[in-house]
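All you need for the working numbering is the position in the sequence shown, starting with 1, plus 49.
Each residue gets a CB set at the ideal place from its N, CA and C atoms; glycine is no exception.
I have placed the structure first, in the form of structure tokens, so that the comments after it can refer back to it.
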Amino acid sequence: MGSQILESGIPDSFPNLLYSIADRDKAQADDLFRQALQVMKTQSMYSWSDELNLSAYAFKDKLLIRPGMMPGEHYPIHLFTRSDPPVDPTIANEFLTVSLAKFTEGVLNNFGNVGPRDYFLHGYYYLADKFAFYAAVYDRPSVDSWLHLETRIESMINNDGADPESYKFRPDYAKWFSPDREKIEGIVNACFEEAARTADKALREYYLILGILELIWDGKYSEAEQAFKKLDRKSTVDQINDYLCMRAGESAVDQSNWTEASRRESLIGNKQARALLLLKTAAAIIKSGKKPRTPVTEILNDAVRLIYREDTSSTKTSLSIAAAGLFYKAGDRTGGTQVLQSSIHDINSDPHFGLEHWNVSFQIGDERKMASSMDDWDLNVTISEAAVSDWDGTMLLISGIESTKLRLTAQIAAARGILSH
């Protein structure tokens, strides 16, 4: 079925789809990638745009640079993944092998003379340069072939009376987004230079956000905060500050720095994000076995107060379920029961609630959303903890779940909790 859908080309949304699947099941994402690669190998209509979209997953690009219609035009496309996955050399090598054959076929056929020639030359010249770079890392024997193709395309550009340099305006830009993140400074500088160069306010903000996000992802929070001054809109500053504080808080939790995690949480405006960071802090404290100055139950109560101030939504319900499970885990049966009972009421009030992945989202600017999640505390885990703490009470609560599917799933989770205890 997947192969049939891909026969008409690789959609722009495909890289994010693969990343979303890989966050849950890398083998399944790799299998879908290989299906697409096989279709690309056999379908004659596949273009450089399809190869570009597929290359994002092969090389684990976090920012895909797409050439435009004219020489020098380029459009950055942000790709979202909850993790920072390393490049799989086998996947990268498979892609380069198939792509080299398609490229060679395209050059020999003069790209079929279909569509604007500038567009085709720009795209293929751009990708030849990018793929030659990656081939040097993952498929060294093919480097010379890629460089030869790049030279051939350059000759075509010259024959058309155009300037190859105008087509090479941004090929190096993609190289700065190395999966090994060795050139973070170059990435940030490039984004800030683009922001300074453009007179378009929206585009200026777009590039500033990209640069600031790279600083945040690299853990350079102080530098990112200094860069906030470049942003014109206070609303955008507030949005990206929430995301920065969330990431910095998560980092503090990983380092068992509860004081810094608490400080960062207090600076977040998004109540759901504040609650999530509190829950992550509580979970880490429970796991560590340490006794912080602020009791875990107090941290959980702070999180619940924030959650209850939100309007009904699946995210609110998921946060509440996680809080209930952590109360049980911390040994507070009363707190767990009260919050779980409220959670079940919300489940019954929300026809869209399910067991799928959930997250707290961060709107940044007009076009970008980031997210943070807590995958290890869902309804099944919470029910398991509840059952170990209070079997009879938990079964009574489960009986109040109106969805037959969710009720059965909860009953199984309760039984598993007892069996695994």
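- The segment 411-425 and the segment 285-302 touch, with three or more beta-carbon pairs separated by less than 8 Å.
- The Cβ atoms of residue 374 and residue 314 do not sit closer than 7 Å to each other.
- The beta-carbon separation of residue 413 and residue 450, rounded to 36 Å, does not stay under the 8 Å limit for a contact.
- Within the same chain, Cβ atoms closer than 7 Å to the Cβ of residue 147 are found at 86, 89, 90, the five residues on either side in sequence being excluded.
- Shown here, residue 418 sits in a strand according to DSSP, grouped into three states.
- Residue 441 and residue 430 have their C-alpha atoms spaced approximately 17 Å apart.
- Secondary structure note for residue 409: its beta strand (DSSP E) is the uninterrupted segment 409-413.
- In this structure, DSSP gives residue 112 an extended state, which the three-state scheme calls strand.
- Annotated three-state conformation of residue 282 is coil, per DSSP.
- In the three-state reduction of the DSSP assignment, residue 136 falls in the coil class.
- With contacts defined as CB atoms closer than 7 Å, residue 276 and residue 261 qualify as a contacting pair.
- For residue 379, the three-state secondary structure derived from DSSP is coil.
- Residue burial annotation: residue 428 is buried, with at least 16 other C-beta atoms found within 10 angstroms of its C-beta.
- In this structure, residue 323 sits near residue 355, with a CB-CB distance shorter than 7 Å.
- The C-beta distance from residue 370 to residue 392 rounds to 5 Å, short enough to fall under 8 Å.
- Separation of the CB atoms of residue 320 and residue 359 is rounded to 6 Å, and the pair is thereby assigned contact status at 8 Å.
- By the criterion of a C-beta distance shorter than 7 Å, residue 363 is surrounded in its chain by 399, 401, 402, 407, once the five residues flanking it on both sides are discounted.
- Sorting 196, 140, 101 by C-alpha distance to the C-alpha of residue 169 places 101 at the top.
- Counting of Cβ neighbours within 10 angstroms places residue 190 among the exposed residues, the total staying below 16.
- Separation of residue 197 and residue 178 (C-alpha to C-alpha, rounded to the nearest whole angstrom) is 10 Å.
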